[in-house]
Amino acid sequence: CGYVLGHHKRHQSRNVILIFVPGDLIYNPRMPTTTQIEYRWLDGDELALIEPTLLSLHAMSVNRETTRAIGAFDNGELIGFFCLQLIPHLEPLFVAPDYQAKPVAINMVNKMVEFLKESDARGAMLVAEHPGIERLAEHFGMARIIYPLYSKVNMGDGI
24 CGYVLGHHKR
34 HQSRNVILIF
44 VPGDLIYNPR
54 MPTTTQIEYR
64 WLDGDELALI
74 EPTLLSLHAM
84 SVNRETTRAI
94 GAFDNGELIG
104 FFCLQLIPHL
114 EPLFVAPDYQ
124 AKPVAINMVN
134 KMVEFLKESD
144 ARGAMLVAEH
154 PGIERLAEHF
164 GMARIIYPLY
174 SKVNMGDGI
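For the sequence shown, the residue numbers in the numbering used here are 24 to 182.
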């Protein structure tokens, strides 16, 4: 199960710039292409261009220090973007078997939540591979993600 701490609602509007359809990410040689499309990294103030769309999608706002975004432009108009956002990933949580009946886990989680607040973290995520972790996530108000969650450990061979 995946959980997210932060804003996570799905937006149902049809008039947003960015809507992914399953076939969008697969190259289709029959799909017409436009040669005017320019792809470039959004830097500095350009990241502000995507904020209205992020808000309309109820997505997490960008942090200029921990976000990298590529934009697609048609004749200077931003028509799409794809973000890499570094969001704290909380795991693993381990407590030695002799101490699992004691409040060691909850105390460590409380201290981590304090740190996240002090750091102005915009959110955090974790994968609850154990029912106890799932209960902790729900106790701290994390929302269960209903979308498929994918992971790749070795980026050396691409995605």
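Idealized CB from N, CA, C, for every residue including glycine.
Here the structure is a predicted model, which is why all the values come from computation and not from measurement.
Alpha carbon to alpha carbon, what distance is there between residue j and residue i?
{"i": "residue 176", "j": "residue 112", "result": "14 Å"}
{"i": "residue 152", "j": "residue 162", "result": "16 Å"}
{"i": "residue 61", "j": "residue 96", "result": "5 Å"}
{"i": "residue 68", "j": "residue 99", "result": "16 Å"}
{"i": "residue 168", "j": "residue 63", "result": "31 Å"}
{"i": "residue 145", "j": "residue 179", "result": "29 Å"}
{"i": "residue 142", "j": "residue 85", "result": "15 Å"}
{"i": "residue 72", "j": "residue 102", "result": "11 Å"}
{"i": "residue 47", "j": "residue 94", "result": "The predicted model places residue 47 with a pLDDT of 45, which falls under 50 and marks its position as unreliable; any figure quoted below should be read in that light. The alpha-carbon atoms of residue 47 and residue 94 are separated by roughly 16 Å."}
{"i": "residue 87", "j": "residue 122", "result": "41 Å"}
{"i": "residue 174", "j": "residue 166", "result": "19 Å"}
{"i": "residue 44", "j": "residue 80", "result": "Because the pLDDT of residue 44 is 38, which lies under 50, any placement of that residue in the model is unreliable, and the number read from its coordinates should be weighed accordingly. Going by the C-alpha atoms only, they are around 15 Å apart."}
{"i": "residue 49", "j": "residue 124", "result": "Reliability fails at residue 49, whose pLDDT of 45 lies under 50, so the model's placement of it is uncertain and the value that follows must be treated cautiously. Approximately 49 Å, taken between the alpha carbons."}
{"i": "residue 172", "j": "residue 77", "result": "20 Å"}
Please list the terminal residues of the continuous alpha helix (DSSP H) segment that includes residue i.
{"i": "residue 135", "result": "127-141"}
{"i": "residue 160", "result": "154-162"}
{"i": "residue 76", "result": "74-79"}
Just checking my contact of residue i with residue j at CB under 8 Å: how many whole Å lie between their CB atoms?
{"i": "residue 116", "j": "residue 128", "result": "6 Å"}
{"i": "residue 198", "j": "residue 159", "result": "Beyond the ends of the chain as shown, which are 24 and 182, falls residue 198; an answer cannot be given."}
{"i": "residue 194", "j": "residue 108", "result": "Examination of residue 194 is not possible in this model, given that the chain is present from 24 through 182 alone."}
From this set, the options, which residue's C-alpha is nearest residue i's C-alpha?
{"i": "residue 91", "options": "104, 80, 126 and 82", "result": "104"}
{"i": "residue 126", "options": "77, 147, 155 and 114", "result": "155"}
{"i": "residue 164", "options": "134, 118, 147 and 77", "result": "147"}
{"i": "residue 106", "options": "89, 120 and 118", "result": "89"}
Starting from residue i, follow the beta strand (DSSP E) in both directions and report where the run begins and ends.
{"i": "residue 97", "result": "90-97"}
{"i": "residue 108", "result": "100-108"}
{"i": "residue 147", "result": "147-150"}
{"i": "residue 62", "result": "60-65"}
8 Å is my cut-off, CB to CB: does residue i come that close to chain B?
{"i": "residue 61", "result": "You won't find chain B in this structure, because it holds only one protein chain."}
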